[in-house]
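Structure first, commentary second.
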Ligand SMILES: [Zn+2]
Ligand SMILES: [Zn+2]
Ligand SMILES: [Zn+2]
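Residue numbers (the working numbering): 70 to 391.
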């Protein structure tokens, strides 16, 4: 059994090697380990979080299987991987969770973020959800995950670098400027409430990609006030309902939280947001990440962001009417 971090000196990023994950359960048809009384969980629960039995990152990892050097660097895969069950109801789509439960989920995210960021080996807390078989989800029970990384993941690093550069040049937040541009145009906005705004980015990479931002400049979940937390819960529920309304079936998606790192440095130029992506570009059409995306890193979008925004705006939810 091998679990370690290996450095890619060409791209300048860590890869997690964790072959324990090969033994993960694959879509058990008859019994769900996440249902009440299942293998992993209490007999009775509301919302519960626990550490993954097949973690990519471990609290107390063994030494790496191989010796590294200054080019081929190797590190222990120290970190924490948590699973968060949204409900005990196996068949409930996340879009159908009660608003009050969604609000409680936001509180749990805040709590886990706070707790995990206390470890000195944790540099970044990554909250996310994968949903749908086409996304590669092995368990359909409504749940999300949290990775507490011992490094800042590459996509976040790229965002940080760009935001820092923009701040140096212009003296303002890059993300706040994007929000100003989106609000001025309106063409890509799909939903807005008092504290949050959701839009398909001008530069979307995935089908029906949506970015959700607090209008106020905050660095992470913990900076959100009580009202903003409620508005975050409401916004997430609206976006997921719009997703499920697109093709009148449960829409596969990834939901990822982009927050400032927790390594103690100053990231006041960063702006918290949540990103949603899918690979579904039509009722029976899937977007695959093929040669150009995987091998060149350039994304090709088959639908215009303005058209995707129009489709999502067209799905009305009862939550938007009041
Ligand atoms: Zn279940
Ligand atoms: Zn900002
Ligand atoms: Zn982002």
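In this text, a Cβ means the ideal position worked out from N, Cα and C, and glycines have one as well.
Q: Please list, in chain order, all residues of the same chain as residue 297 whose beta carbon is under 8 Å from its beta carbon, the five residues on each side excluded.
A: 264, 265, 283, 285, 287
Q: Using a threshold of 8 Å, state whether the C-beta atoms of residue 220 and residue 192 are closer than that.
A: yes
Q: Give the single residue among 232, 211, 294 whose Cα lies nearest to the Cα of residue 158.
A: Nearest option by C-alpha distance: 211.
Q: Sort 73, 80, 79, 78 by Cα distance to residue 86 and report the nearest one.
A: 73
Q. If you draw a straight line from the C-alpha of residue 277 to the C-alpha of residue 166, how long is it?
A. Each residue's alpha carbon lies about 21 Å from the other.
(Q) For residue 135, count the other beta carbons within 10 Å of its own beta carbon; 16 or more makes it buried, fewer makes it exposed. Which is it? (A) Residue 135 should be labelled exposed.
Q.
Check this for me: beta carbons of residue 214 and residue 228, under 8 Å apart or not?
A. For residue 214 and residue 228, no; Cβs fall outside 8 Å.
Q | Distance, residue 177 Cα to residue 183 Cα | A | For the pair residue 183 and residue 177, the Cα-to-Cα distance works out to about 10 Å.
Q | Short Cβ contact (8 Å threshold) for residue 359 with residue 257 | A | no
(Q) To the nearest angstrom, how far is the alpha carbon of residue 209 from that of residue 160? (A) A straight-line Cα-Cα distance of about 8 Å links residue 209 and residue 160.
Q.
Tell me whether residue 244, by its Cβ, gets closer than 7 Å to a heavy atom of ligand 2.
A. yes
(Q) Suppose you measure from the CA of residue 245 to the CA of residue 342; what does that come to, to the nearest Å? (A) 11 Å
Q: Check each residue's C-beta against every heavy atom of ligand 3 and list, in chain order, those closer than 6 Å.
A: Cβ atoms closer than 6 Å to ligand 3 belong to 228, 327, 342, 344.
Q. Do you know whose CA, among 339, 309, 269, lies nearest residue 420's CA?
A. This structure does not reach residue 420, given that the chain is present from 70 up to 391, and the question cannot be answered.
Q) So, are the CB atoms of residue 203 and residue 321 less than 8 Å apart? A) Their beta carbons are under 8 Å apart, which means residue 203 touches residue 321 by this criterion.
Q: Find out if the Cβ-Cβ distance for the pair residue 130, residue 147 is shorter than 8 Å.
A: yes
(Q) Looking at ligand 2, does it come within less than 7 Å of residue 280, judged from the CB to the closest heavy atom? (A) no
Q. Taking DSSP as the reference, what is the three-state secondary structure of residue 101?
A. coil
Q | Closer than 6 Å to ligand 1: residues, by C-beta to nearest heavy atom, in chain order | A | In chain order, the residues positioned with their C-beta nearer than 6 Å to some heavy atom of ligand 1 are 101, 103, 104, 159, 210.
Q.
Given 7 Å as the limit, tell me if residue 286 has its C-beta closer than that to any heavy atom belonging to ligand 2.
A. Because some heavy atom of ligand 2 lies under 7 Å away, the Cβ of residue 286 counts as near it: yes.
Q: Using 7 Å as the cut-off, classify the Cβ of residue 340 as near or not near the heavy atoms of ligand 2, replying yes or no.
A: yes
Q) Would you call residue 71 buried or exposed, if buried means 16 or more other Cβ atoms sit within 10 Å of its Cβ? A) exposed
Q.
So for residue 150, helix, strand or coil by DSSP?
A. strand
Q. How do the region 149-156 and the region 117-126 stand: do at least 3 beta-carbon pairs fall below 8 Å, yes or no?
A. yes
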